[in-house]
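Peer 1: Please see the structure below; I have some questions.
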Amino acid sequence: MLNKTSLALILFLISFSLFSQTRVFVGINPSVNLNRDYPQGAFDLNIAPLTVEIPISNNFDIRLISKLNYGFRTTGGALVSAGAEIGVPIYIHRGEFENNIPNGFYISSGFLLLKNLIYKHNEKAIFFEPGYNFVFNDKFSLSLGLQYGRAYYNYTDGSKLQTNHFGIKVILGFWL
Numbered sequence: 002m003l004n005k006t007s008l009a010l011i012l013f014l015i016s017f018s019l020f021s022q023t024r025v026f027v028g029i030n031p032s033v034n035l036n037r038d039y040p041q042g043a044f045d046l047n048i049a050p051l052t053v054e055i056p057i058s059n060n061f062d063i064r065l066i067s068k069l070n071y072g073f074r075t076t077g078g079a080l081v082s083a084g085a086e087i088g089v090p091i092y093i094h095r096g097e098f099e100n101n102i103p104n105g106f107y108i109s110s111g112f113l114l115l116k117n118l119i120y121k122h123n124e125k126a127i128f129f130e131p132g133y134n135f136v137f138n139d140k141f142s143l144s145l146g147l148q149y150g151r152a153y154y155n156y157t158d159g160s161k162l163q164t165n166h167f168g169i170k171v172i173l174g175f176w177l
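Here it is, written out as structure tokens:
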């Protein structure tokens, strides 16, 4: 889960954005995780997919996404992992849009950090994400992106694993 430092940083960024009269995006990033190592039919669902995006400069934002994954298995379900994702989308031609709300193509780099509570490992991933942001009625936004990168797993027994990271990003929300 988010520690006090992370929560303080998120609150600082939101308050900075609000006091600077910059619009803030608040939304959700519903996600399902499938892993080839999971049993047949098993998956994880992010049950707390809060997304906050804050403009930092004309074309550059910072995006924070909470991760709280609940695992569905044939034997039952449980809270599987907790963490966060941070991305830095750079929007192409953002300055041309009214109210400084991005609409169009973006390129983002990002970092994911998860603590798996069941399988006893930490996951860190770095990724590259091209995408497109659609804005409707000057408030509602739908963002679609594809992530590709590398994931690193550190297990409590000292073993390590590296795999490819691939994700489909769908974010829905409002610019406030």
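Under the working numbering, think of the first position of the sequence shown as 2, with each following residue one higher. We put the CB at the ideal spot given by N, CA and C, even for glycine.
With a threshold of 16 other CB atoms inside 10 Å of the CB of His166, please say whether the residue is buried or exposed.
Peer 2: Label assigned to His166: buried.
Peer 1: Along the chain, where does the beta strand (DSSP E) that runs through Gly42 open and close?
Peer 2: It is not in any beta strand (DSSP E) - Gly42 carries neither H nor E in the DSSP assignment.
Peer 1: Answer yes or no: do Tyr107 and Phe129 have a C-beta to C-beta separation smaller than 8 angstroms?
Peer 2: In this structure, Phe129 does not lie closer than 8 angstroms to Tyr107 by Cβ.
Peer 1: Given a cut-off of 8 angstroms, decide if Leu35 and Ile48 are closer than it, judged by their beta-carbon atoms.
Peer 2: Contact: no.
Peer 1: Rounded to whole angstroms, how far is the Cβ of Ile87 from the Cβ of Leu51, which I believe are closer than 8 angstroms?
Peer 2: Going by Cβ atoms, the distance from Ile87 to Leu51 rounds to 13 angstroms, so no, they are not a contact pair.
Peer 1: So for Phe175, helix, strand or coil by DSSP?
Peer 2: Three-state DSSP puts Phe175 in a strand.
Peer 1: Met2 to Leu65, Cα distance in whole Å?
Peer 2: Because Met2 sits at a pLDDT of 47, beneath the cut-off of 50, its placement in the model cannot be relied upon, and the point is left open.
Peer 1: Quick check: the Cα distance between Thr75 and Tyr39, rounded to an integer number of angstroms?
Peer 2: Near 11 angstroms, if we compare the C-alpha coordinates of Tyr39 and Thr75.
Peer 1: Just the Cα atoms here: how many angstroms apart are Lys116 and Val33?
Peer 2: One C-alpha to the other measures close to 16 angstroms.
Peer 1: Where does Asn155 sit, in a helix, a strand or coil, going by DSSP?
Peer 2: Strand at Asn155.
Peer 1: Does the ligand ATP have even one heavy atom less than 7 angstroms from the beta-carbon of Glu130?
Peer 2: This structure lacks the ligand ATP, and indeed carries no ligand of any kind.
Peer 1: Looking only at DSSP bridge pairs, what is Ser110 linked to?
Peer 2: Val89, Phe129.
Peer 1: For the beta strand (DSSP E) containing Asp62, name the first residue and the last one.
Peer 2: Segment 62–74, the beta strand (DSSP E) holding Asp62.
Peer 1: Among the candidates Leu177, Lys121, Ser144, Gly132, whose CA atom is the shortest distance from the CA of Thr157?
Peer 2: Considering only alpha carbons, the answer is Lys121.
Peer 1: Relative to the alpha-carbon of Pro103, which residue among Gly72, Phe141, Gly159, Leu162 has its alpha-carbon at the smallest distance?
Peer 2: Taking only the C-alpha atoms, the option nearest Pro103 is Phe141.
Peer 1: Note down the Cα distance separating Leu118 from Gly168, rounded to an integer number of angstroms.
Peer 2: Approximately 21 angstroms between the Cα atoms of the pair.
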